[in-house]
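Residue numbers (our numbering), protein chains in the order written: chain V, 42 to 337; chain S, 42 to 337.
As structure tokens, the structure follows; a few thoughts come after it.
Right under this line is the structure:
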């Protein structure tokens, strides 16, 4: 089968063997933010035309913002609680061009105790890729971090925190942007990051705490790089203290960001492990298998 | 005397009679963000050259970001606790060009219980313009809102909340920007604003609550205009619940924003009054009077 994780800013394709092994992967910057509905089939041909041709019978499954209102075709949200079988039942077909049909995995919606809705697209597929049968608390860090509650293998509720977006806005457009140095890969200033995490637990609130990035730069208490990691610590600290679920947490993410979240959970005295990578490929495979069993 | 409130984005000049009455005011967009140190004397000549010529003996007093490192000349912060007399003693001279000297009011700094610094420039002058002899809690809403504690007429501590800046970043650059309608003057959607204020007191935290602007738009629960006021309510609610001081609050600000904060305080069950306008002119006059008494 062919699985594609197609988000706002990125495209990841996986050629997956019948036993679930990832045979090949392709990554491109063709996120849905830059596409119109008529572009998708062409982008697929361009990126993985050879795969489609080589395996004309292979199922093609897509997850992520590709199924949003701004994507290829809107796949209505499945309402929590949702298990993998529910999603396999609700796949949304799209035409690849020559009569071939691909399917989009629907996103999830839930309502919290206040009746406020929340949504995800793509993360549900990664979560089901973990193949957790029991209960778990899951954290997917990112532009819009997700904190998810799994009960008996089903997603029963979740909450989004706009941590990554607010970080990017402050870094790129804010009045403190000029005081920050860009981050250079994996080199985390741990002391500054933990100072931010610690501050997030003190009185005054997030809108007050972030101003200290400015004042501590002004008084030369932080370098430009340290200030960036301090800001990251403040924001992630606020997120984890109030949005994360209780209990041992599984972090689903890759590279630097997943490591940073693990460090943050540990600093805050919360247990967390990082899940193996390629959760999206595993989830696409699992949903593909479930859907195949249902199709006569 | 001539008093000037010169901030990052604006310039307000007041011609003030010896009894404190404001005879004339001029407003310009020449904020310090667009100026270099050599520009200031020229801008003054351009904006109020006629006042300077007509009253060659008048004292000229400036407050605000004009005294910052990025301004005309850096006026070192006065450390809290600070009364108006302390500021009058620490005015920082600048040359107007023909041997005439103007003075800049220094900003204030303080450190909170965690040792984190905070700063203000310009607000101190407005606060002393209120001429409050006793104790008070003061709120100055804005891009960087200030919450100030006055004890026996002196500023003993304060905290900044970046409410206005975060609101502007989300409205202008964020992923929810496209879902919001621009605000149209004074017409506040009170129901949406109060829904945001109410949400700010619920679990989940600020980074989670602001995501509901997106989801509630997605589910057509809010119009674009209502969503803007809902976001405003979420942010102001978070600010006031954790950054404002206890006790009756005096709001120092003008127009729509001051009214919105008064509404927010009332909704949250906190007492607040809006101070009379032109607090900056009154503060510049008061500090000018104090300085004149000290000069032999």
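Beta carbons: idealized from backbone N, C-alpha and C, even for Gly.
Note that the structure is predicted; figures quoted are calculated from it, not measured.
| query | result |
| --- | --- |
| Local conformation of residue 198/V per DSSP, three classes | strand |
| Of the residues 76/V, 216/V, 308/V, the one placed nearest residue 74/S, counting alpha carbons only | 216/V |
| Between the CA atoms of residue 322/S and residue 64/S - distance to the nearest angstrom | 11 Å |
| CA nearest to the CA of residue 82/V, picked from 110/V, 98/V, 183/V, 114/V | 114/V |
| Own chain partners of residue 117/S with C-beta closer than 7 Å, once the 5 adjacent residues on each side are dropped | 147 |
| At least 3 beta-carbon pairs within less than 8 Å: the segment 306 to 319 of chain V vs the segment 276 to 289 of chain V | yes |
| Distance between residue 53/S and residue 303/V (C-alpha atoms, nearest Å) | 50 Å |
| Burial state of residue 316/V, where buried means 16 or more other Cβ atoms lie within 10 Å | buried |
| Neighbour-count burial assignment, residue 87/V, 16 or more Cβ in a 10 Å radius | exposed |
| Boundaries (first-last residue) of the beta strand (DSSP E) holding residue 42/V | Residue 42/V -> no beta strand (DSSP E), and no H or E assigned at all. |
| When 195/S, 108/S, 301/S are compared against residue 228/S, the one with the closest alpha-carbon | 301/S |
| One or two residues paired with residue 161/V in a DSSP bridge | 149/V |
| Residue-level contact to chain V via CB, residue 246/S, 8 Å cutoff | yes |
| For residue 186/S, the three-state DSSP class (helix, strand or coil) | strand |
| Contact set between the segment 277 to 306 of chain V and chain S, restricted to residues whose Cβ is under 9 Å from the partner | 279, 280, 282, 283, 284 |
| Start-end ranges of the alpha helix (DSSP H) lying completely within the segment 59 to 143 of chain S, minimum 4 residues | 81 to 95, 125 to 130 |
| Within chain S, the residues that residue 161/V reaches when beta carbons sit closer than 9 Å | Within 9 Å Cβ-Cβ: nothing; residue 161/V doesn't reach chain S, min ~10 Å. |
| Backbone CA spacing between residue 235/S and residue 297/S [nearest angstrom] | 16 Å |
| Three or more C-beta pairs below 8 Å linking the segment 129 to 149 of chain V and the segment 176 to 185 of chain V | no |
| Status (buried if at least 16 other CB within 10 Å, exposed otherwise) for residue 388/V | This structure cannot settle anything about residue 388/V, because the visible part of chain V is limited to 42 through 337. |
| Identified DSSP bridge partners for residue 178/V | 190/V, 290/V |
| Contact set between the segment 190 to 212 of chain V and chain S, restricted to residues whose Cβ is under 8 Å from the partner | 200, 201, 202, 203, 204, 206, 207, 210, 211 |
| Backbone CA spacing between residue 158/V and residue 262/S [nearest angstrom] | 10 Å |
| Three-state secondary structure assigned by DSSP to residue 316/S | coil |
| Closer than 8 Å to chain V by CB, residue 216/S | yes |
| Contacting positions in the segment 242 to 269 of chain V - beta carbon closer than 9 Å to chain S | 243, 244, 245, 246, 247, 248, 249, 250, 251, 252, 253, 255, 256, 257, 259, 260, 262 |
| CA nearest to the CA of residue 56/V, picked from 190/V, 94/V, 76/V | 94/V |
| Minimum Cβ-Cβ distance from residue 155/S to chain V less than 8 Å | yes |
| Against chain S: residues of the segment 175 to 191 of chain V by CB proximity under 9 Å | 184, 185, 186, 188 |
| Chain V residues whose Cβ lies nearer than 8 Å to that of residue 158/S | 253, 256, 257, 259, 260, 262 |
| Beta-carbon neighbours of residue 221/V, restricted to chain S and to distances below 7 Å | Near residue 221/V there are no residues of chain S at all, since even the closest Cβ is about 14 Å away, more than 7 Å. |
| Where residue 240/V meets chain S, residues with beta-carbon distance less than 9 Å | 155, 157 |
| Local Cβ density within 10 Å of residue 165/V, reported as buried at 16 or more and exposed below that | buried |
| Below-8 Å beta-carbon distance, residue 75/S vs any chain B residue | Although the question refers to chain B, the structure presented lacks it and instead comprises the protein chains V and S. |
| Presumed contact (8 Å Cβ cut-off) between residue 129/S and residue 328/S, rounded CB distance | 5 Å |
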